[in-house]
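Asker: For the sequence shown, position 65 matches number 124 in the working numbering, and the numbering has no gaps at all. Note that the Cβ used here is the ideal one computed from N, Cα and C, for glycine as well. Sharing a structure with you now.
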Amino acid sequence: MITDHWQGRAYISLVGLRFESTRVFGLPSPISNYDEINLRFYVRRPEISGDPQPGVVFIRQLVPHRLTALAARAMYGERFETAPTGHEFYACDSFGAALPACVSYHWDEKGRRQRFWASADEAPMSTTPGSLEEFLTGRYWGYNGKPAAGVKAYHLTRPDWQVRQASRWGIDCDFNEVCGGRVTGAMQNAPASVLLATGSRTAVSLPAALPG
60 MITDHWQGRA YISLVGLRFE STRVFGLPSP ISNYDEINLR FYVRRPEISG
110 DPQPGVVFIR QLVPHRLTAL AARAMYGERF ETAPTGHEFY ACDSFGAALP
160 ACVSYHWDEK GRRQRFWASA DEAPMSTTPG SLEEFLTGRY WGYNGKPAAG
210 VKAYHLTRPD WQVRQASRWG IDCDFNEVCG GRVTGAMQNA PASVLLATGS
260 RTAVSLPAAL PG
């Protein structure tokens with residue numbers, strides 16, 4: 060597994076997701092609607108001929124419920140953490156669908172509310188092949204593991220997301236608390252891209268160990 064680059068640069072993303080009508084093995088989950096906040100970077104598999112299977116590695120994943128975190132740890136080996144999370148979707152636009160004009164996600168950590176938001180004026184569009192937007196959203200694999208245990212991969216099945224480039228955005232986070240380590244400085248820079256994605260129904264496979 061190697062770090063993936065777009066035009067010679069590596070990227071880290073802070074992402075807010077809203078899960079709705081979640082099912083596990085085809086059955087409704089006891090907690091089916093919740094928010095997730097995650098911090099990720101981008102990787103690919105160089106040994107795959109013709110398809111590098113671009114994916115992500117999560118640095119942090121926050122969900123509001125302990126049961127959700129425990130289930131995700133057990134099934135996927137991801138180090139989910141729990142924190143009070145929430146979202147706000149403001150107003151609706153006039154693009155023919157009930158899409159929020161402004162999206163905000165927040166979570167509480169060590170007595171401080173962390174928050175980021177974005178708004179868009181344009182209609183959703185498919186990403187352009189080779190663009191930064193495609194690089195960031197066209198990810199259908201998750202990877203994790205430890206050196207002694209090897210790397211595991213799981214696959215996401217979903218249509219390509221349509222996106223809107225944000226016209227306004229804001230981040231109110233203490234990145235020393237959120238990130239720590241070497242990524243803190245990178246996250247304090249102005250973002251290279253701020254996107255609102257429409258989302259979709261998504262199926263996630265169980266993880267499988269990759270060949271050593």
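Is there at least one non-hydrogen atom of the ligand GTP closer than 7 Å to the beta-carbon of S226?
Answerer: With respect to the ligand GTP, the structure offers nothing, as it holds no ligand at all.
Asker: Rounding to the nearest angstrom, what Cα-Cα distance links V162 and F148 in this structure?
Answerer: Rounded to whole angstroms, V162 to F148 spans 5 Å at the Cα level.
Asker: Among the residues of its own chain, which have a CB less than 6 Å from the CB of L191, if the five just before and after it don't count?
Answerer: Here the set comprises W65 and S252.
Asker: For the region 214 to 224 and the region 127 to 142, state whether three or more C-beta atom pairs, one from each stretch, are separated by less than 8 Å.
Answerer: The region 214 to 224, when compared against the region 127 to 142, does not touch it at the 8 Å Cβ threshold.
Asker: Can you name the start and end residues of the beta strand (DSSP E) that A212 belongs to?
Answerer: Counting along the chain, the beta strand (DSSP E) containing A212 begins and ends at G209 to T216.
Asker: Under the DSSP definition of a beta bridge, which residues are partnered with H165?
Answerer: Paired residues: G145 and R174.
Asker: Cβ atoms of A225 and A179: under 8 Å apart, would you say?
Answerer: Yes. Within cutoff.
Asker: Select from P270, R68, T81 and V263 the residue whose C-alpha is nearest the C-alpha of Y213.
Answerer: Closest option to Y213, Cα to Cα, is V263.
Asker: Put E137 into one of helix, strand or coil per three-state DSSP.
Answerer: E137: coil per DSSP, three-state reduction.
Asker: For L195, which option in L98, I90 and L265 has the closest C-alpha, if you only look at C-alpha atoms?
Answerer: Cα-wise, what sits closest to L195 is L98.
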